[in-house]
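Taking my numbering, I'd label the letters of the sequence shown as residues 23 to 869. Glycine is no exception: its CB is placed at the ideal position from the N, C-alpha and C atoms. All figures in this text were calculated on a predicted structure; none of them were measured in a lab. See below for the structure under consideration.
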Amino acid sequence: MNTFKKKFFLLAALLGFFCAACTTTHADDGTDFFENKIRPVLIKHCYECHGEDEQESDLRLDRYAEMLRGGATAPAIVPGEPDESLLLHTIGYEDEELQMPPDGKLSDTIIADFRKWIEMNAPHPDANKTSVLPRQGAVDLDKERQFWSFQPLVDTPIPTVKQSQWPQQPIDYFILSKLEQQQLSPAAPADRRTLIRRVTFDLTGLPPTPAEIDNFLYDKSSDAYQHLIDRLLDSEAYGERWGRFWLDVVRYADSNGLDENVAHGNAWRYRNYVIAAFNQDRPFNEFLTEQIAGDLMPETKSTAMNHRRIVATGFLVLGPKVLAEVDKVKMEMDIIDEQVSTVGQAFMGMTFGCARCHDHKFDPISTEDYYALAGVFKSTTTMESFKTIAKWNETEIASEQDHVNYKTATALIDIKTAELKTITDAANKALLAALGVEKLPAKPETQYPAETKKQHQALLDEAKKLADDRGELPSAMAVTEHEPEDLMVHLRGSHASLGKKVARGFPEVFSSANKYQIASKSSGRLELAQWLTDPQHPLTARVFVNRIWRWHFGQALQPTTDNFGNLGEQPINQPLLDHLAKTFIDNGWSIKDLHRTIMNSSTYRMSSNFNDAASKIDATNRYLWRFPVKRLEAEAIRDSILAVSGLLDRTMGGSMLPVKNREFLFNHTSKDLTKYDSFVRSVYLPVVRNNLYDFFQLFDYNDASVSNGDRQTTTVAPQALYMLNSPLVDEASCQIVEQLLKESKSLKHRVQILYVKLLGRNATRQEMSRARQYYSLFLKTTGTTNTPSSTALETNVSTVATDTESDSNVTSQLEPEIDPSQASAEFQALKLLVHSILASSEFVFIQ
Numbered sequence: 023m024n025t026f027k028k029k030f031f032l033l034a035a036l037l038g039f040f041c042a043a044c045t046t047t048h049a050d051d052g053t054d055f056f057e058n059k060i061r062p063v064l065i066k067h068c069y070e071c072h073g074e075d076e077q078e079s080d081l082r083l084d085r086y087a088e089m090l091r092g093g094a095t096a097p098a099i100v101p102g103e104p105d106e107s108l109l110l111h112t113i114g115y116e117d118e119e120l121q122m123p124p125d126g127k128l129s130d131t132i133i134a135d136f137r138k139w140i141e142m143n144a145p146h147p148d149a150n151k152t153s154v155l156p157r158q159g160a161v162d163l164d165k166e167r168q169f170w171s172f173q174p175l176v177d178t179p180i181p182t183v184k185q186s187q188w189p190q191q192p193i194d195y196f197i198l199s200k201l202e203q204q205q206l207s208p209a210a211p212a213d214r215r216t217l218i219r220r221v222t223f224d225l226t227g228l229p230p231t232p233a234e235i236d237n238f239l240y241d242k243s244s245d246a247y248q249h250l251i252d253r254l255l256d257s258e259a260y261g262e263r264w265g266r267f268w269l270d271v272v273r274y275a276d277s278n279g280l281d282e283n284v285a286h287g288n289a290w291r292y293r294n295y296v297i298a299a300f301n302q303d304r305p306f307n308e309f310l311t312e313q314i315a316g317d318l319m320p321e322t323k324s325t326a327m328n329h330r331r332i333v334a335t336g337f338l339v340l341g342p343k344v345l346a347e348v349d350k351v352k353m354e355m356d357i358i359d360e361q362v363s364t365v366g367q368a369f370m371g372m373t374f375g376c377a378r379c380h381d382h383k384f385d386p387i388s389t390e391d392y393y394a395l396a397g398v399f400k401s402t403t404t405m406e407s408f409k410t411i412a413k414w415n416e417t418e419i420a421s422e423q424d425h426v427n428y429k430t431a432t433a434l435i436d437i438k439t440a441e442l443k444t445i446t447d448a449a450n451k452a453l454l455a456a457l458g459v460e461k462l463p464a465k466p467e468t469q470y471p472a473e474t475k476k477q478h479q480a481l482l483d484e485a486k487k488l489a490d491d492r493g494e495l496p497s498a499m500a501v502t503e504h505e506p507e508d509l510m511v512h513l514r515g516s517h518a519s520l521g522k523k524v525a526r527g528f529p530e531v532f533s534s535a536n537k538y539q540i541a542s543k544s545s546g547r548l549e550l551a552q553w554l555t556d557p558q559h560p561l562t563a564r565v566f567v568n569r570i571w572r573w574h575f576g577q578a579l580q581p582t583t584d585n586f587g588n589l590g591e592q593p594i595n596q597p598l599l600d601h602l603a604k605t606f607i608d609n610g611w612s613i614k615d616l617h618r619t620i621m622n623s624s625t626y627r628m629s630s631n632f633n634d635a636a637s638k639i640d641a642t643n644r645y646l647w648r649f650p651v652k653r654l655e656a657e658a659i660r661d662s663i664l665a666v667s668g669l670l671d672r673t674m675g676g677s678m679l680p681v682k683n684r685e686f687l688f689n690h691t692s693k694d695l696t697k698y699d700s701f702v703r704s705v706y707l708p709v710v711r712n713n714l715y716d717f718f719q720l721f722d723y724n725d726a727s728v729s730n731g732d733r734q735t736t737t738v739a740p741q742a743l744y745m746l747n748s749p750l751v752d753e754a755s756c757q758i759v760e761q762l763l764k765e766s767k768s769l770k771h772r773v774q775i776l777y778v779k780l781l782g783r784n785a786t787r788q789e790m791s792r793a794r795q796y797y798s799l800f801l802k803t804t805g806t807t808n809t810p811s812s813t814a815l816e817t818n819v820s821t822v823a824t825d826t827e828s829d830s831n832v833t834s835q836l837e838p839e840i841d842p843s844q845a846s847a848e849f850q851a852l853k854l855l856v857h858s859i860l861a862s863s864e865f866v867f868i869q
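Okay, structure coming up:
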């Protein structure tokens, strides 16, 4: 063979070797598997909706980088991780809500090929030249951290203002600075009568008494106003009023609602805990910690305190639950979802629940963030049993004395039971002998001799009464620790489609998220509370002081109180919001000090006087150029009616449900047996989900199934009709008239007393004149002609001041007595007058 041929064959051999090597390498990297097994299926079934021309759900499958990035929900494939690859879950029809292709499931062989391909690290011709881009809609943490509410609190210097004599507190400088920027001026100060009515309603939800008004009017000391605030903050009524606001936020209810509306028989313990916490001015950071992790706080020597903290965790149990859910895993995840949502909204003003199925559409909360937080509550025992009908967890909180009492009562029951057994055995033996049979009839007691029957029934009644009086040892709705468990991401929110496992933790967007690492043997609730109450947390203090401001002024500094995310509104005055939040933290998270800070300001003490020029610039009073006129909440309206009539029962309530714990609130005819005829404060009345007290419904009560810190106020005709026709208002009117008839025999004096008692002010000259005309006309119409002397009445009317700041000594002047024969007509005339004032706008609106 010549040299040329040798070289040719050598070259051919080498080429063959290299080609074989190339072929082998190409085959070994798995791209042939993709080209032969995977791409044809994608072309046939997927590219039409997820290809070059169309990308449903922002997902494109004809490009490798796009497959790795995924669509709006998650990466389509995760090389080497088939269980975390959404594409495999989707074609496997593992999720009822997400099944592709939609025209029918692929064969098991094809699905197995896709699993094998992903296990092979998803080989693809473009694999080596692909860099994974961020998924469409994925969270850009650096950018999102610049959002105002995720930034640290800003310590803004006190602004300078032109009207330097007006500010009394730093608050006033921030408010006035904004007003001056808008060419606005603050309203004049409110008069003292207006102020005591405003402050008393604001802090207690009750009207000031005539004596309290007089005491404040005649107290000329420089600190009279501060003393007024302190006195009201020290009253039990304060906690009843402000605790009710918090109960709105935590969706408090005395029943479960939803499919199985059974009684939360021990929810009242949490309600009373909240009221006591406000009255005791428990620091908010401690208050928050007790509700999330009270059972995990260091045990103290005080049994009462340890039990209090257990009761506080009822916050996590109070939510509505589908107790008859067949899918128990779904039930548990739904309960966890409700807890995550409520914690996020109550303490951070964030809507975390949106991230259960996919990354949050608007806020920087990913599904991984959601399941990291959900793992905390997965590691917490909320339910005693998931068996239908499921039972929430309750923890015994009995004291030593409770155990002693229970043991004593049980011993008495045992004695009665033994006596009953002795009598029953003897009676049954005698009955068998008398009947000449060996077997007792179905109801032998019906055939006992009369005396035995009476004795038997008496013992039965005594034993039952003893058992009823003994009751059960005290317990509270509460959570406990569970075996710690990290959750896998539930693709599209379905527990049937599990993705990547996520360690328990807190949302990444918060720079302090990694500061509190959750111990492996801990649920993470205590760490969650510590993270939330860290002074550097950007949301907790901001959200809470914003709520307090809203409850004082009827409008918040950040208007969307429950949403501090991207869909929420920007603060009207962020420097003031941050100043209040920092002051709140610096003052030891004291809620009462926060009240004092706000209420001692000139801003709070402004009048509600209308200014036409100001309204043209700021029609909605966003910048607070006057104090907002507010309608009382449903509870305050009812409580005020009871208070001015003397009917209010100030007893602190327990459970007022007509059934026992966990029993249904509706009878076999679906009728709710709950009654609302007690005269205790409204905060103690039952809150039955799906069937609220009609008075509450009519006057815009909170939806007790969801967290809400911003009740809306409506004005509708049925409200006026209710006030005119309500038996409650009618009874209150009668009680007030009876008091008036005892207090004075002078019509003018009675009218004056009435106005001070109901409206906190003296009647004007015009109101007094109209009352006289109405009274005379009523008696004339009813056929009674012996009316009080018109001349005498008119003479006395002339001495009545024409403004609401008049001195109260005008009420001391008496008129001629009214003829006793007119008593019946007189009563009806006064009753209608009283009723009309109770039904007036001024009675239910606060200036």
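How close, in whole Å, do the beta carbons of Phe172 and Val531 come, if the pair is a contact with beta carbons under 8 Å?
Start at 1 with the first residue of the sequence shown, and residue 172 comes out as number 150. Start at 1 with the first residue of the sequence shown, and residue 531 comes out as number 509. Yes, they are in contact, since the Cβ atoms of Phe172 and Val531 sit about 6 Å apart, within 8 Å.
Any alpha helix (DSSP H) of 4 or more consecutive residues that is wholly inside the stretch 676–735
716–720
Quick check on DSSP: helix, strand or coil for Thr468?
The count along the sequence shown starts at 1 and reaches residue 468 at position 446. If DSSP states are grouped into helix, strand and coil, Thr468 belongs with the helices.
The alpha helix (DSSP H) spanning Glu390 covers which residue range?
To locate residue 390, count along the sequence shown from 1; it is residue 368. That run of the alpha helix (DSSP H) goes 389–400.
Is the beta carbon of Glu507 closer than 9 Å to that of Ser401?
Counting from 1 along the sequence shown, the entry for residue 401 is found at position 379. Counting from 1 along the sequence shown, the entry for residue 507 is found at position 485. Going by C-beta atoms, Ser401 is nearer than 9 Å to Glu507.
Please state the DSSP three-state secondary structure of Glu312.
What you label residue 312 is simply residue 290 of the sequence shown in a count that begins at 1. Helix, per DSSP.
Alpha-carbon spacing of Asn808 relative to Glu262, whole angstroms
Within the sequence shown, residue 808 is the residue found at index 786, counting from 1. Within the sequence shown, residue 262 is the residue found at index 240, counting from 1. Its pLDDT being 45, under 50, Asn808 is placed unreliably in this model, and the value from its coordinates should be taken loosely. Answer to the nearest angstrom: the Cα atoms are 48 Å apart.
Contact between the stretch 442–454 and the stretch 467–479: three or more CB pairs below 8 Å?
yes
Would Ile65 be called buried (16 or more neighbouring beta carbons within 10 Å of its own) or exposed?
Locating residue 65 in the sequence shown gives position 43, counting from the first residue. Burial call: exposed.
Just verifying my parser: in three-state terms, what is the DSSP assignment at Lys242?
Stepping through the sequence shown from its first residue, residue 242 is reached at position 220. Correct three-state label for Lys242: coil.
From the DSSP output, which residues share a beta bridge with Trp5?
Not covered by the structure: residue 5. The range shown for the chain is 23 to 869.
Expressed to the nearest angstrom, what Euclidean distance is found between the alpha-carbon atoms of Ile607 and Ala563?
In the sequence shown, residue 607 corresponds to position 585, counting from 1. In the sequence shown, residue 563 corresponds to position 541, counting from 1. Distance between the alpha carbons of Ile607 and Ala563: 7 Å.
Cα-Cα separation between His771 and Tyr723, rounded to whole angstroms
Counting from one through the sequence shown, the residue named residue 771 turns up at place 749. Counting from one through the sequence shown, the residue named residue 723 turns up at place 701. Cα to Cα, the separation comes out at about 37 Å.
DSSP state of Gly546, grouped into three classes?
Counting from 1 along the sequence shown, the entry for residue 546 is found at position 524. Three-state result, Gly546: coil.
So, with DSSP's three-state summary, where would you put Asp75?
Reading the sequence shown from its first residue, position 53 is the one you call residue 75. Coil, per DSSP.
Please say whether Asp276 and Arg733 have beta carbons closer to each other than 9 Å?
Taking the first residue of the sequence shown as position 1, residue 733 is located at position 711. Taking the first residue of the sequence shown as position 1, residue 276 is located at position 254. Contact: no.
Local Cβ density within 10 Å of Leu254, reported as buried at 16 or more and exposed below that:
Your numbering for residue 254 matches position 232 in the sequence shown. Buried: at least 16 other Cβ atoms inside 10 Å.
Would you tell me roughly how many angstroms separate the C-alpha atoms of Ala315 and Lys352, rounded to the nearest one?
Position 293 of the sequence shown, counting from 1, holds the residue named residue 315. Position 330 of the sequence shown, counting from 1, holds the residue named residue 352. Going from the Cα of Ala315 to the Cα of Lys352 covers about 24 Å.
Exposed or buried, Pro230, counting other C-beta atoms within 10 Å across all chains shown (16 or more means buried)?
Residue numbering aside, residue 230 sits at position 208 when the sequence shown is read from its first letter. Per the 10 Å Cβ criterion, buried.
Less than 6 Å between C-beta atoms, sequence neighbours within five positions excluded: which residues of the same chain meet that for Ile758?
Locating residue 758 in the sequence shown gives position 736, where the first residue counts as 1. Cβ neighbours of Ile758 beyond the five flanking positions: Ser667, Val856.
Look at the Cβ atom of Phe528, then the Cβ atom of Leu550, and state whether they are nearer than 9 Å.
The residue given as residue 528 occupies position 506 in the sequence shown. The residue given as residue 550 occupies position 528 in the sequence shown. Going by C-beta atoms, Phe528 is nearer than 9 Å to Leu550.
Which value, in whole angstroms, describes the spacing of the CA atoms of Leu225 and Leu482?
Working through the sequence shown from its first residue, we reach residue 225 at position 203. Working through the sequence shown from its first residue, we reach residue 482 at position 460. Approximately 51 Å between the Cα atoms of the pair.
Rounded to the nearest angstrom, what separates Thr322 and Asn328 at their Cα positions?
As a working mapping, residue 322 is identified with position 300 in the sequence shown. As a working mapping, residue 328 is identified with position 306 in the sequence shown. Cα-Cα distance, rounded: 6 Å.
Candidates Val567, Phe867, Glu234: which alpha carbon is nearest Val651's?
Residue 651 sits at position 629 when you count from the first residue of the sequence shown. With distances taken between Cα atoms, Val651 lies closest to Phe867.
Between the C-alpha atoms of Asp661 and Leu228, what's the straight-line distance to the nearest angstrom?
The residue you call residue 661 lines up with position 639 of the sequence shown. The residue you call residue 228 lines up with position 206 of the sequence shown. So the alpha carbons of these two residues sit roughly 7 Å apart.
Buried/exposed call for Ile218, threshold 16 Cβ in 10 Å:
Your numbering for residue 218 matches position 196 in the sequence shown. Classification of Ile218: buried, given that the 10 Å Cβ count is 16 or more.
If we ignore side chains and look at the alpha-carbon of each, how far apart do Val567 and Arg91 end up?
Start at 1 with the first residue of the sequence shown, and residue 567 comes out as number 545. Start at 1 with the first residue of the sequence shown, and residue 91 comes out as number 69. Taking the straight line joining both Cα atoms gives about 41 Å.
Would DSSP call Arg792 helix, strand or coil?
Start at 1 with the first residue of the sequence shown, and residue 792 comes out as number 770. Three-state result, Arg792: helix.
Would you be able to state if there are at least three C-beta pairs under 8 Å between the stretch 295–312 and the stretch 328–339?
yes
Which runs of the beta strand (DSSP E), 3 residues or longer, sit entirely within the stretch 505–539?
509–512, 520–524
Which residue spans inside the stretch 539–601 form an unbroken alpha helix (DSSP H) run of at least 4?
547–554, 562–575
Neighbourhood of Pro147 by C-beta, 7 Å cutoff - its chain only, sequence neighbours within 5 removed
As a first step, residue 147 is located in the sequence shown; it is residue number 125 there, counting from the start. Only Thr53 meet the Cβ criterion.
Write down the C-beta distance between Leu495 and Asp436 rounded to the nearest angstrom, noting that I regard them as a contact closer than 8 Å.
Indexing the sequence shown from 1 puts residue 495 at position 473. Indexing the sequence shown from 1 puts residue 436 at position 414. About 17 Å separates the two Cβ atoms, so there is no contact after all.
Quick check on this structure: which residue in Asn58, Arg215, Val176 has the alpha carbon closest to the alpha carbon of Arg783?
Locating residue 783 in the sequence shown gives position 761, where the first residue counts as 1. Ranking Asn58, Arg215, Val176 by Cα distance to Arg783 puts Arg215 first.
Taking its Cβ as the centre, do 16 or more other Cβ atoms sit within 10 Å of Leu120, making it buried, or is it exposed?
Here the question's residue 120 lines up with position 98 in the sequence shown. Classification for Leu120: buried.
Counting pairs of beta carbons, one from the stretch 105–113 and one from the stretch 131–149, are three or more of them closer than 8 Å?
yes
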